[in-house]
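Q: Before anything else, here's the structure in question.
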Ligand SMILES: [Mg+2]
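In the numbering used here, the protein residues as written are 718 to 927.
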């Protein structure tokens, strides 16, 4: 049974993440993309966003090796900003603890996130998420629905995607997965508060699977 979770806004958040993304690209490209350039990007994953910015700036798509260099530059930015004694991420404690209960009940859990591989691993560790969660980061030439399909292919289901944004629900709809919202940004879906206690997440998952 594959239960998939978005990370940013769902299990916690890292203030100022987009500024770090721009700084990482500034290092690689010699000039940071502007807030406006970033805001018109259509995708919800780092691959999609950086690929679109690259096309707009250089007239051609991103290569996987270049994406890897971006991953490492972005990871260095996050490590410098959120290291010990520096800025702290906000952790949705109840939901993060609920993951442990779900794992102990035999569910297979996936982090399906728009972050690059290095940054997703860093964030999972910084939020002290259970290390048994499997990670599906943003990968070359894949959108968020494609990432959900990777978890679905590895596990016969039933499935569920828990996320905080419309693009999460749209990806879930595209692959036929039920969706559970965290917070108020996705009206019309069953939802949990970011501050919900662990038991509420466990109950909500049980309701979906009933
Ligand atoms: Mg999110």
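Each residue gets a CB set at the ideal place from its N, CA and C atoms; glycine is no exception.
The structure presented is a predicted model; accordingly, all values stated were derived computationally and were not measured.
1) Just list the alpha helix (DSSP H) runs in the region 791–846, keeping only unbroken ones of 4 residues or longer that don't cross its boundaries, in chain order.
2) Can you tell which of 724, 814, 866 and 855 has the C-alpha that lies nearest to the C-alpha of residue 913?
3) Just to confirm, is the Cβ distance from residue 816 to residue 846 under 8 Å?
4) Output needed for residue 834: all residues of its chain with C-beta closer than 7 Å, excluding positions within five of it in sequence on either side, in chain order.
5) Is residue 731 helix, strand or coil when you go by DSSP?
6) Let me confirm a value: residue 794 is counted as buried when at least 16 other C-beta atoms fall within 10 Å, else exposed. Which label applies?
7) Out of 921, 809, 890 and 911, point me to the one whose CA is closest to residue 866's CA.
8) Using CA atoms only, rank isn't needed, just tell me which of 892, 888, 738 and 824 is closest to residue 903.
9) Look at the alpha carbon of residue 780 and the alpha carbon of residue 759, and state the distance between them as a whole number of angstroms.
10) Given this structure, state the Cα-to-Cα distance separating residue 869 from residue 778, to the nearest angstrom.
11) Is it true that the region 730–748 meets the region 763–778, where meeting means three or more beta-carbon pairs spaced less than 8 Å apart?
12) Using DSSP with H/G/I as helix, E/B as strand and the rest coil, what is residue 902?
13) With 16 other CB atoms within 10 Å as the buried threshold, where does residue 927 fall?
A: On the basis of the supplied data:
1) Listed in chain order, they are 810–821 and 834–843.
2) Cα-wise, what sits closest to residue 913 is 814.
3) Taking 8 Å as the Cβ cut-off, residue 816 and residue 846 qualify as a contacting pair.
4) Same-chain partners within the cutoff: 788 and 854.
5) Of the three classes helix, strand and coil, the one that applies to residue 731 here is coil, per DSSP.
6) Around the CB of residue 794, 16 or more other CB atoms lie within 10 Å, so the residue is classed as buried.
7) Minimum Cα distance to residue 866 is reached at 890.
8) It is 888.
9) In this structure, the straight-line span from the alpha carbon of residue 780 to that of residue 759 is close to 19 Å.
10) Going by the C-alpha atoms only, they are around 28 Å apart.
11) Contact holds: three or more Cβ-Cβ distances are below 8 Å.
12) Assignment of residue 902 by DSSP, reduced to helix, strand and coil, places it in the coil class.
13) By the neighbour-count definition (other C-beta atoms within 10 Å, threshold 16), residue 927 is an exposed residue.
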